[in-house]
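What follows is a set of notes on a single structure, which appears directly below.
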Amino acid sequence: MEVKLKTKNGVLLVELQEEIDLFHANKLKLYFNKIFESSHTKIILNFQDVTYIDSSGIGALLNIYKETKKRNIKMFFANIHGSVKKVIELTKLDDYFPILRSEDEAMEQLNSE
Amino acid sequence: MFFDYMSSFITSSSWLRLVLDAVLFALFTVMAKIYKIPLAKGLWYLPLVLAGRDLLSFFVLHPMFFFLSDGALLCIYTWWLHSYNPKLVPAKLFNIVTALVVAVATVLSFVLSNFAVSYIVMAIYGLAATLWFTVLISNFSVNNTQGVEFLVEIRLPLVVMFFATRLLLLIEFNIQTPFAQYVLAILAYTPHFFLLFRYIGYFAKKFEEREKYSSTYINSLFDFMRTIGSAMTERIEVKSILNYVINSITKYINADSGVVMLKDGHDGVLRIGAMEGYFPPPFEVPAIVKTKLTGVQKFFENTPIKLGETILGECAASNKAIYIRKTSEDPRMQSNIKDDTLLITSIIAIPLIVNKDVFGVISIMRRSKDSLFTDLEYERSRVFVEYASLTLDSLYNYAQLLEKQEIEREVNIAATIQRKLLPTRTPKAIANMVHAFTRPAKGVSGDYYDIIPLNAMGKFAMVICDVAGKGVPASLIMVMIRTIIHTIGGAKKNAAEVVAWINRGIAGRIDIERFATLSYLTYNPQERLLEYSNAGHHPVLLYRSGTGIVERIDSPGLPIGLERDSEYTLVKVYLETGDTLLSYTDGIIEAMNYRGEQFEEERLVQIFEEHVLKSPKELIDIIRSAVDGFVGQAKQHDDMTMIVLKAD
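From first to last, the protein sequence lines stand for chains H and G.
Residue numbering for the first sequence follows the working numbering, starting at 283 and increasing by one per position.
Residue numbering for the second sequence follows the working numbering, starting at 1240 and increasing by one per position.
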């Protein structure tokens, strides 16, 4: 699983790729542990290129989200669509996760605070 | 004439008494429902008899009715005492004598055409019977009868009131003046009121205590689970886990001591695995050994128990729990009833079973004559041991695995735990109504389902659950969920409350990424009531035979394990004959063929609709082969589970 990183206006943009499943979930977690070690306090997770997520993937996201709350990092999920959106809605997590429609919206939200 | 009658009807003192009766009756009925007060003891008839008498007195205000109904009331009281201990109270004799006296008094008054005679006879008998009742009730003590704490608590004021009101009635026993009607007759109600109020109060208090006990008990179970769970990951020795298990059970059941006996695989005898407190062997030991506690202990440690011998061996050989409330009354325990180092007053022995194989026995005991085990404590200890069985067994497998350093075998271990969790067969009574299917994708599953009978009325629970991740940790979460449902599912809690309990028990105790989605359903075939609550799982499909439409039933609520205080919603549906329910995990609709297409919910609904008139088993077979046909040779990476329920 590949992750593309960018920085824009002091916000860390994380573009997740393709599938987040049992085999990638752990990698993603380790990856984020490194991100948390850095000094970023504003993060956007972009799901534009994510095509599939399973329960382990959701588990990894839950873990990451919990960690950001603990570390006072502001994070938004953006561009969630298709089957990923369906899975998140089905598990009733759409209100639980900090989801915004687009990256721009998330950017605006992060910079206004 | 008519107006006279009407005015006397309206101003009748019976109204006041009737209102009192109604209040008493309503209160007792409502409270009995809320606090689960056993009505069997017959006290429920008290307000009914009173109301009957007062209704009659609208038409005829005859003192004879008062005496007759007093006789009936005394009979109810005696039957009530009788129900505490049939041996102690000659209730039948009492009732026959009462009937005879009443008959003789009535005949006498007609023969002599003078009611005064029967009044006197009845009044004297009333006093005598009350005296008799007093003697009966004072014979009870906590030592000779179980569960009479309430009787002992109230008997003195009750009897005093009985006598006081009876003597007061003697002032004017033909009940014609307003003083008699409004004061004396009402005063005669006080003992009944007193008793019923105290009775309600007693059960209300007990009920609250039980609720409190339930929650501390469940919390202790959770601590127990968590400790064992972390012990497994931290590679703690089996020996210290055994110590922890027996320590917990002894502590939470409030026993004096406890022991874990383990079956030796080679020669099939039971040996001590761990002990808490001083636990004398439940069999005879040589006299020389008996003099010292340490001697007894040493002797027990060095004496393996053969299967079938002593109650511990019997428990292991028969696969059945043994509960001896009072050892002095059991021929098997005769070597332990003298007040010496071997004394045991109350003992429980429960086999450690996995898949019908006994691998040991857990036993707890009390060594004091005034605190014997109760039925409730016995039930609690059984749940505890059942849970211990599952975890100890997996712990053993896990320990062996760690010894051999074959981590790749973890998958097999988890699969074994899971196979043991699933119901071996659907309970017979509901086998025609419910059918289930589960298939792990790669040996080990993240899915779990269970069908659990909840009460004698035929109500049962169906749970379907998808734990994120796999392997031993996921299996342990299933064990936790299962234990919670088995422990509290049978209580009066509704489906949403049960789901909230499951969540509260698990949230904060597990890694958040091991969250679980779960759908919990209960069905009561007598009321045809389906209850549903959902924790982030797929909605269930419900075909309504009346309309021919398949409905999707869902309710809001986060998955299990995220937030301790998540709230869950209850959905209630009354089913009609032919209504069919399908609950499933996402492995079904996400099954993928080689082109990467998913089976999809639409296809499932379509097949379900088409074959909904078939039996649950046929329906499941059809869906399964449809999914298999769809995916062809493509490899599946998610588990599949379904439950179908069809209302008769």
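Each residue gets a CB set at the ideal place from its N, CA and C atoms; glycine is no exception.
Taking the alpha carbon of residue i as the reference point, which residue from the options has its own alpha carbon closest?
| i | options | result |
| --- | --- | --- |
| I362(H) | I326(H), Q391(H), R353(H), L310(H) | I326(H) |
| G339(H) | A1707(G), S1574(G), G1728(G) | A1707(G) |
| Y378(H) | K351(H), S365(H), I317(H), G292(H) | K351(H) |
| V1288(G) | L1263(G), V1269(G), I1273(G), M1717(G) | L1263(G) |
| E300(H) | T323(H), L375(H), D331(H) | D331(H) |
| K1595(G) | F1297(G), E1625(G), C1704(G) | E1625(G) |
| Y1284(G) | F1306(G), Y1316(G), S1557(G) | Y1316(G) |
| K1444(G) | L1395(G), E1388(G), I1410(G) | E1388(G) |
| Q1845(G) | Q1875(G), G1826(G), I1788(G), M1881(G) | I1788(G) |
| T1859(G) | G1534(G), T1677(G), T1580(G) | Per the sequence shown, residue 1859(G) should be read as Ile rather than Thr. Nearest of G1534(G), T1677(G), T1580(G) to I1859(G), Cα basis: T1677(G). |
| A1734(G) | I1749(G), M1696(G), D1705(G), A1774(G) | A1774(G) |
| W1319(G) | E1841(G), I1376(G), A1265(G) | I1376(G) |
| L1814(G) | E1766(G), C1554(G), L1351(G) | E1766(G) |
Tell me whether residue i sits in a helix, a strand or coil according to DSSP, three-state version.
| i | result |
| --- | --- |
| V1738(G) | helix |
| T323(H) | coil |
| E1392(G) | helix |
| P1798(G) | coil |
| H1505(G) | coil |
| L1715(G) | helix |
| P1286(G) | helix |
| Q1573(G) | helix |
| P1692(G) | strand |
| M1672(G) | coil |
| K1874(G) | coil |
| P1590(G) | strand |
| R353(H) | coil |
| V285(H) | strand |
| V1851(G) | coil |
| D1686(G) | strand |
| K1565(G) | coil |
| D376(H) | coil |
| Y1617(G) | helix |
So the alpha helix (DSSP H) residue i belongs to, where does it begin and stop?
| i | result |
| --- | --- |
| T1786(G) | Here T1786(G) belongs to no alpha helix (DSSP H), and DSSP marks it neither H nor E. |
| F1538(G) | 1532-1540 |
| M389(H) | 385-394 |
| N1908(G) | Nothing about residue 1908(G) can be read from this structure; chain G reaches only from 1240 to 1887. |
| V1477(G) | 1477-1492 |
Looking only at its chain, what residues have a beta carbon closer than 8 Å to the beta carbon of residue i, apart from the 5 residues adjacent to it on each side?
| i | result |
| --- | --- |
| L382(H) | F358, F359, A360, A388, Q391 |
| E1829(G) | Q1837, F1838, D1877 |
| G364(H) | T333 |
| T1429(G) | M1400, T1404 |
| V296(H) | V285, K286, L287, I317, I325, I326, L327, N328 |
| E1752(G) | A1707, G1708 |
| F1433(G) | I1393, P1396, L1397, M1400 |
May I ask which residues mark the beginning and end of the beta strand (DSSP E) holding residue i?
| i | result |
| --- | --- |
| V296(H) | 293-302 |
| D1705(G) | 1699-1706 |
| Y1771(G) | 1768-1774 |
| R1605(G) | 1596-1605 |
| K356(H) | 356-360 |
| T1819(G) | 1819-1823 |
| T1549(G) | Element bounds for T1549(G): not the beta strand (DSSP E) but the alpha helix (DSSP H), 1549-1557. |
How long is the line joining the alpha carbons of residue i and residue j, rounded to whole angstroms?
| i | j | result |
| --- | --- | --- |
| S1253(G) | L1407(G) | 19 Å |
| I1646(G) | L312(H) | Reliability fails at I1646(G), whose pLDDT of 49 lies under 50, so the model's placement of it is uncertain and the value that follows must be treated cautiously. Near 21 Å, if we compare the C-alpha coordinates of L312(H) and I1646(G). |
| E319(H) | V285(H) | 17 Å |
| G292(H) | E385(H) | 14 Å |
| P1519(G) | D1578(G) | 12 Å |
| L1282(G) | E1568(G) | 32 Å |
| F1699(G) | K374(H) | 26 Å |
| N345(H) | N354(H) | 14 Å |
| I1882(G) | A1560(G) | 32 Å |
| A1355(G) | M1270(G) | 41 Å |
| S1296(G) | A1261(G) | 15 Å |
| L1693(G) | P1798(G) | 24 Å |
| K1490(G) | F1623(G) | 12 Å |
Can you name, in chain order, every residue of its own chain whose Cβ lies under 6 Å from the Cβ of residue i, other than the five neighbours on each side?
| i | result |
| --- | --- |
| D1632(G) | V1593 |
| P1679(G) | D1878 |
| K1811(G) | E1770 |
| V1851(G) | Y1782, T1819 |
Under 7 Å Cβ to Cβ from residue i, same chain only, skipping five residues before and after it: list those, please.
| i | result |
| --- | --- |
| E1802(G) | A1746 |
| V1499(G) | L1481, V1484, I1485, G1512, A1513, G1599, I1601 |
| A1873(G) | M1831, N1832, Y1833 |
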